Amino acid sequence: SRTRVVANLSARVGSISDNGLGGWWGYRMSKAALNMATRNMALELKRRKVLAIALHPGTTDTGLSEPFQKNVRPEKLFPTAYTVERLLDIVESATEEHSGYLYAWDGEHIPF
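Below is the structure:
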C-alpha cells in the first residue's frame with residue numbers, strides 16, 4: 255500500500271537553530287509552531303502508520319515573495335512548477351525515519 259504523508263508547508267525561517275538574522279517575528283513564530291506541530295503529529299500518527307514532514311520550498315516566484323525577490327540570486331528564485339516537483343519528490347520518497355522533521359526543497363534536513 256502507498257505511504258500516507260502529512261506534508262506541512264513550513265520555511266527555513268521557522269528553524270530556531272538557523273536564525274542568525276532575527277526579524278519577521280510573527281512569520282518565524284508561526285513556522286516554528288508549525289514545526290512543533292509536525293513533530294507532534296509524527297509521534298502520534300506513527301501509531302496509524304502515517305508520516306508527517308515539514309517542507310521548506312525555497313524562495314518561489316509568487317506574490318508572497320515578490321517584495322523580497324530583489325535580494326534573491328536568480329538561480330535561487332524558483333518557478334512554482336519546479337518547487338512543486340521538488341517537494342513532491344520529497345513527499346513521495348519519505349520513510350519513517352524522515353517523519354517529524356523539516357526538509358528543504360533539495361532534500362536537505364534542516365534542524366529545528
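FYI, the working numbering numbers position 3 of the sequence shown as 257, with every residue one higher than the one before it.
Where a beta carbon is used, it is the ideal one built from N, C-alpha and C, also for glycine.
All values reported here derive from a predicted model rather than from experimental measurement.
Under 8 Å between C-beta atoms of leucine 341 and proline 311 = Taking 8 Å as the Cβ cut-off, leucine 341 and proline 311 qualify as a contacting pair.
Just tell me which of Gly317, Val345 and Arg327 has its CA closest to the CA of alanine 308.
-> Checking every option, the nearest Cα to that of alanine 308 belongs to Val345.
Are there 16 or more other CB atoms within 10 angstroms of the CB of lysine 303, so buried, or fewer, so exposed?
-> That one is exposed.
What residues in its chain sit with their C-beta under 7 Å from that of alanine 286, if we drop five residues either side in the sequence?
-> Cβ within range, chain order: Gly268 and Ile270.
Which ranges would you report for the beta strand (DSSP E) in the region 327–366 if only whole runs of at least 3 residues count?
-> Runs of the beta strand (DSSP E) lying entirely within the region 327–366 and spanning at least 3 residues, in chain order: 356–358.
Nearest-angstrom Cβ-Cβ length linking threonine 334 and aspartate 315, presumed shorter than 8 Å = That pair is a contact at about 7 Å.
Indicate the three-state DSSP secondary structure (helix, strand or coil) for alanine 265 in the structure shown.
-> In the structure shown, alanine 265 sits in coil (DSSP, three-state: anything other than H, G, I, E or B).
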